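Mapping to our numbering: the sequence shown position 153 is 135, numbers consecutive. Comments concern the structure below.
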Amino acid sequence: MRGLYWPKFLFIAYLLYYAQLCGADNGMPAYKFRHLTVVDGLSSKWVKSIYRDRQGYLWIGTADGLNRFDGINIRVYKFSVTDSSSINHNFVSAIFEDSRGNLWVGTQVGLNRYIRTKDCFQRVVGINNYVSSFLESSTGMLYIGSPGGLFVLDPHSGHIWQVNTEIGIESIVTSGKRRIWAGTRDGLFLIDNNFSFQKVDLHLPDVRIRTLYVDSMQQLWVGTENSGLLVIANPNETLKKFNIRHFGHNHRHPFSLRQGTIYAITQDSYGNLWVGIENGGVNILRANELKSDFPKFEHLEHNPFDGYTLGNNSVHALYCDNQQTLWVGTYGNGISYGL
């Protein structure tokens, strides 16, 4: 992390953490956030993706450019008609670093590889679709999810091919036993080694999936557009033995999940699940609530009279880095971050 300014930044984060502990009420922390916005140099209010690479840089994909944050300064990368080494589009939808240290950036019109030595981009030929998600296989292949289907890239040869065109993919993850899952607008699919797609019965009608997440217990979480939150506790069993639980909004229960499209899910080091919802803020399901018959969600939302609350209630990205800093990407006010 040579050249980065994280020590000063992390000291500020530590002070926030201490303030949370001091402000706790009945054992529940009063979460406080700081903000990274267009005032600080962010290129757009709408944050779609967040990723911290192995060098310590935080990469932020927005609706108007790619941003690199070193703890103090923001460097913005944008498309240029006259520069073939620029990123291929300003709408940055997904960011991923593979096991070899290659940084991949997905946009509205395709894929880019960041060339660190030259601080520029190589545009990948063979995919001209919106890139929604990335997954690296056990053999080092890069799986690329897109509304246009599933693409596979061999980083060694640079060869890319499309293995499915009929099922648009919103999110792609892997669980134990190397099972690959695809979340789509048509439901959940299990992908086998031959790239055949098998639909999973989630016991709900018309499930439109926006994000998937596999937690530390290898449970598969499913965030939907219209059906709340689901979890498959045993995704490595046979399909008929799946244990599926549903969490939805109930207006009679103030601690139920907020209503709205779920765009992002992550987990912190304590096993707590963080859920980002359109117009619903961040909903937290604590690890000890999961086994409860009536689990309680904590709701973190914007308060216009408190500058340390969430910057905006439309949450489109969540990322918990190895420093356990939680980064929240919003639709209308950049990033909120805390511990």
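Every residue gets a Cβ at the ideal spot worked out from N, C-alpha and C, and that includes glycine. Note that the structure is predicted; figures quoted are calculated from it, not measured.
Between the CA atoms of residue j and residue i - distance to the nearest angstrom
i	j	result
G242	V204	14 angstroms
L292	L48	22 angstroms
Y301	K222	33 angstroms
I259	S31	14 angstroms
G83	N254	28 angstroms
I162	I173	5 angstroms
G131	V213	24 angstroms
N94	F78	11 angstroms
R91	V297	Here residue 91 turns out to be Val, not Arg, going by the sequence shown. About 23 angstroms.
N175	A45	35 angstroms
G333	S238	With the chain running from -17 to 321 in the structure shown, residue 333 is simply not present.
G320	V264	13 angstroms
I42	W256	19 angstroms
A76	V58	16 angstroms
F73	N110	13 angstroms
Y13	L282	8 angstroms
Residue i in three-state terms, based on DSSP
i	result
A164	strand
A269	helix
L18	strand
K30	strand
G38	coil
G158	helix
L221	helix
V134	strand
Residue interval of the beta strand (DSSP E) (run including residue i)
i	result
G88	L85 to T89
K181	F179 to V182
W309	L308 to T312
L282	F279 to L282
S128	L124 to S128
G258	L255 to I259
Beta-carbon proximity list for residue i, same chain, < 8 angstroms, skipping 5 on both sides
i	result
I191	E152, S153, G165, T166, R167, G169, L170, V204, G205, T206 and E207
V145	G131, L132, F133, V134 and F177
Residue i Cβ short of 6 angstroms to the ligand HEM heavy atom set
i	result
E271	For the structure depicted, the ligand HEM is absent and the ligand set is empty, with no information on it obtainable.
Cutoff 7 angstroms; reference residue i; Cβ partners in own chain excluding five residues on either side
i	result
G158	Q200 and N218
N294	H284, T312, Y313, G314 and N315
H185	I226
G122	S81 and P137
H231	G210, S238, L239, R240 and Q241
Same chain, Cβ closer than 6 angstroms to residue i, five either side skipped, listed in chain order
i	result
R227	V213
S62	S68
V155	W163, L194 and V196
L40	R34 and F51
R105	N70 and N94
Next item on the list: May I ask you to verify whether the stretch 133 to 149 touches the stretch 96 to 103, counting CB pairs closer than 8 angstroms and requiring at least 3?
Entry: Cβ pair count under 8 angstroms is below three, so no.
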